[in-house]
Structure formats: structure tokens, C-alpha cells
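Student: Each residue of the sequence shown is one higher than the one before, starting from 0 at the first, in numbering that gives the first Met the number 0. Ideal Cβ placement from N, Cα and C applies to all residues, glycine included. Here it is, the structure, as C-alpha cells.
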Amino acid sequence: MPTELAALESQSDELALLGLMQLVSPALPIGAFAFSQGLESAFELDWVHDEASLAEWLNGVLEDGLTRCELPVLARLHEAFAQVDNQSIAAWDEWLAATRETAELAAEDSRLGASLKRLLGSLNLLPREQQLQSEGLLPPLLPPQAGYVTLFAYTAHVRGVSVRQTLLGFAWAWMENQLAVACKALPLGHTAAQRVIEQLRPALVNAVNQALTLDDEELGPVLPGLALASALHETQYSRLFRS
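Laid out in C-alpha cells, this is it:
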């Protein structure tokens, strides 16, 4: 029996890992490749122009953005889904929407969230409204216009991914997306991108460590440069990305 139980637990862990890999894959058809999160504007302004300045920019966004905003809220949302706490889910989803400082950043979160929700529906992974109603859980577990971070937390929960791995996966997907943007819009080769990954991997772990220790009153991004870059991108003459 102990051997059989260990085998079942191992299989469950492996399925969760594969579910996380599916969720963070660049092949996930939600359109994340279309958004740069203000990075393309930073290229145009010459704030980011080479490998070193790119690593510095990403490290800053990670430290003052994801660590203080998306990552700790992901942990709270993950726990709220586990507790079937629809009020907390709705509150944190609204909080995240309020932190988006430009129209482009708000549109990115809502459009990616809508795309991921449609995909989950096609995979039969959305919560069943009939069950929710029979249990008296109204409003629905997922807010009607839930953003990307909320849908990411829900998907990770459904797949059985642990909180810590959920945060690491989200941070990894963000970094890969940003490096893909740089490879398209900068004279940055793929080998250089891998060097940036090597440099930032420890920072991702540290970001998750810190995010898991923050209290609610400590949350909130401090990214005036990114907000300015995103706002300027809205009127940029020539661009490859939607944000």
C-alpha cells in the first residue's frame, strides 16, 4: 500500500507539472506574443538598447512590479480558489485591474484573460455553474470579466499545481515573453537571451520568496518608467506589438 500510494502521489505531481508546462508554454493559444508590456516603447526611447540594459530593465520590473503585485496576488487567488472564496477572488481581481496604469496594460490583462477563459471552456475546465448554484455560491466562482492573472491562478489550482510552482511558472512565462519581444525588436540574438535568463533565474526565485512574505498593505507596483513607456506606446508611430 505505501508503494502504491507513493506511485499515485508521484503521478499526481507529474500531471501537475505537465499542466503547469502547458499553461506557461509559448504555444498556448491566448495571444500573449502580441504584447510587450511597454518594452517596445523602451526600445524606441533608447532606455533599453542592448543585453545589459535589457537585463537591468527586466530585473527592475521583476523587483518593483511582479514581486509586489502579480506574484503575491497569485498566491492569494490560488488560496481563494482552494477555499472556494468567491468574494476574495472578485476583490483581488478588481484590485489587479485597478493597478493597470494605462489603457494598453488594462487591455492586455483583460484580453489575455478572456482568451484563456475561452480556451479553458474548450478544454471543459471551467467551473460548472449548475454545481455552483446548487451549493449556493453566487456570484460565480470566476468573475465574468476576470483578468489574466485570475485565470492563471484558477488554471493552476485546477491542475493541482502548488502555490510556489504557480508563482515560479508565472514569472518564467513573463520573462520568456519579454525576451521574445527583445529578440524580435532589438538586435538581440537567442544566445544573448539565454545569458539574460542565466542572470535572472536566481532573481525569479528571490522574487517568489519575497512575494510569499508580503502583507496586504505592502502590495502595489512601483513602476513609473514602465507606465510612462506604456502610455507613450499608445501613440508610437511604428510598432510591432499591441502594448
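Would residue 168 and residue 22 be called neighbours here (beta carbons separated by less than 8 Å)?
Tutor: Yes, Cβ-Cβ distance for residue 168 and residue 22 is below 8 Å.
Student: If we count Cβ pairs, one from each stretch, closer than 8 Å, do we get three or more for the stretch 137-146 versus the stretch 44-57?
Tutor: Because the criterion of three Cβ pairs below 8 Å is not met, the stretch 137-146 and the stretch 44-57 do not touch.
Student: I'd like to know if the stretch 229-239 and the stretch 76-93 are in contact, where contact means that at least 3 CB-CB pairs between them fall below 8 Å.
Tutor: They do not touch, by the three-pair rule.
Student: To the nearest angstrom, report how far apart residue 82 and residue 17 are at their CA atoms.
Tutor: If you take the alpha carbons of residue 82 and residue 17, they lie about 24 Å apart.
Student: Would residue 195 and residue 178 qualify as a contact pair, given that the criterion is a beta-carbon distance under 8 Å?
Tutor: A contact, by the Cβ cut-off of 8 Å.
Student: How many Å lie between residue 121 and residue 115 at the Cα?
Tutor: About 10 Å.
Student: Give me the Cα-Cα distance between residue 70 and residue 170, rounded to the nearest whole angstrom.
Tutor: Their backbone Cα atoms lie some 8 Å apart in a straight line.
Student: Could you check how far apart the C-beta atoms of residue 111 and residue 30 are, in whole angstroms? I think they sit under 8 Å.
Tutor: Going by Cβ atoms, the distance from residue 111 to residue 30 rounds to 7 Å, so yes, they are a contact pair.
Student: Just checking, does the stretch 95-105 make contact with the stretch 142-150 on the three C-beta pairs under 8 Å criterion?
Tutor: The stretch 95-105 vs the stretch 142-150: in contact.
Student: Quick one: is residue 235 buried, meaning 16 or more other Cβ sit within 10 Å of its Cβ, or exposed?
Tutor: The residue is exposed, with fewer than 16 neighbouring Cβ atoms inside 10 Å.
Student: Indicate the three-state DSSP secondary structure (helix, strand or coil) for residue 77 in the structure shown.
Tutor: Reduced to three states, the DSSP call for residue 77 is helix.
Student: Mark residue 104 as exposed unless 16 or more other C-beta atoms lie within 10 angstroms of its C-beta, in which case mark it buried.
Tutor: Buried.
Student: Can you tell me whether residue 188 is buried or exposed, with buried defined as 16 or more other CB within 10 angstroms of its CB?
Tutor: By the 10 Å Cβ count, residue 188 comes out exposed.
Student: How would you call residue 20, buried or exposed, if buried means at least 16 neighbouring beta carbons within 10 angstroms?
Tutor: The residue is exposed, with fewer than 16 neighbouring Cβ atoms inside 10 Å.
Student: Under the rule that 16 or more other beta-carbon atoms within 10 Å means buried, what is residue 40, buried or exposed?
Tutor: So residue 40 counts as buried.
Student: Considering residue 121, what are the terminal residues of the alpha helix (DSSP H) in which it resides?
Tutor: First-last of the alpha helix (DSSP H) with residue 121: 102-121.
Student: Determine the extent of the alpha helix (DSSP H) in which residue 151 is found, giving its start and end residues.
Tutor: Start and end: 147-157.
Student: With a threshold of 7 Å on Cβ separation, who are the neighbours of residue 130 within its own chain once the five nearest residues in sequence on each side are excluded?
Tutor: Low confidence applies to residue 130: its pLDDT is 49, below 50, so where it sits in the model is not reliable, and the reading given next is rough at best. Nothing listed; no residue qualifies.
Student: Looking at C-alpha atoms only, which residue of 208, 223, 38, 142 is the closest neighbour of residue 163?
Tutor: When only C-alpha atoms are compared, the closest one is 208.
Student: What number of angstroms, rounded off, separates the C-alpha of residue 92 from the C-alpha of residue 84?
Tutor: Their Cα atoms are separated by approximately 12 Å.
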